[in-house]
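**Q** This is the structure I want to talk about, given as structure tokens.
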Amino acid sequence: MSFTAYYHSPVGWLRITTDNTHVLRIAFVPGAGTGTALSEQPPILRETIQQLAEYFTGQRSAFELPLRPMGTPFQQTVWRALQTIPYGHTISYRELARRVGKPKAYRAVGNANGKNPIPIIIPCHRVIQSNGALGGYSSGLHIKQFLLELEKKFSS
Numbered sequence: 159m160s161f162t163a164y165y166h167s168p169v170g171w172l173r174i175t176t177d178n179t180h181v182l183r184i185a186f187v188p189g190a191g192t193g194t195a196l197s198e199q200p201p202i203l204r205e206t207i208q209q210l211a212e213y214f215t216g217q218r219s220a221f222e223l224p225l226r227p228m229g230t231p232f233q234q235t236v237w238r239a240l241q242t243i244p245y246g247h248t249i250s251y252r253e254l255a256r257r258v259g260k261p262k263a264y265r266a267v268g269n270a271n272g273k274n275p276i277p278i279i280i281p282c283h284r285v286i287q288s289n290g291a292l293g294g295y296s297s298g299l300h301i302k303q304f305l306l307e308l309e310k311k312f313s314s
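Quick note on the numbering used here: the sequence shown kicks off at 159 and runs consecutively.
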């Protein structure tokens, strides 16, 4: 069974989906929808909203939530590697490919990055092009830029 809540973040609405114990998805959405009644929300859903609120106000630089992203074994490997990129730092797609043991597979790494089902918490926004350009972001470059600037502001 899954549960859904909507959180109005500084970059827009987020739809958060969990099961009883794990975060399953976070999606940027145009507006709030109908979520699970507050009285029926599992603690993990409320804790996810709390930690996101702390992140956006600079009070949290690392998430402490159990995650269950669904993807291929390669995608899972990339998503685990993303979680090792420190708050306020960036790496290139090429470096991420090297870290997952596939140094020539930077395009595949970029594709896995784009399919990340739990953005922000799995920080795919911290991956940029080798030349320093932002590269892509599934929810729009303005959101990626906002997240990077937020982390830079609170990490200095």
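We put the beta carbon where it would ideally sit given N, CA and C, even for glycine.
Verify whether the separation of the beta carbon atoms of Q287 and S314 is less than 9 Å.
**A** Going by C-beta atoms, Q287 is not nearer than 9 Å to S314.
**Q** Spatial neighbours of Y245 within its chain, please: C-beta separation below 7 Å, excluding the five flanking residues on both sides.
**A** S219, A220, E309, S313
**Q** Measuring alpha carbon to alpha carbon, tell me which residue in K273, K311, Y264, T162 is nearest E205.
**A** The alpha carbon of E205 has as its nearest neighbour, out of K273, K311, Y264, T162, the alpha carbon of T162.
**Q** Have a look at T242, A270, G191, H300 and flag the residue whose alpha-carbon is nearest the alpha-carbon of T230.
**A** A270
**Q** Measuring CA to CA, which of L225, K311, R257, R284 is closest to I276?
**A** L225
**Q** Which of the three DSSP states is assigned to F221 in this structure?
**A** Reduced to three states, the DSSP call for F221 is coil.
**Q** So which of C282, I278, G189, K260 has the shortest CA-CA distance to E212?
**A** I278
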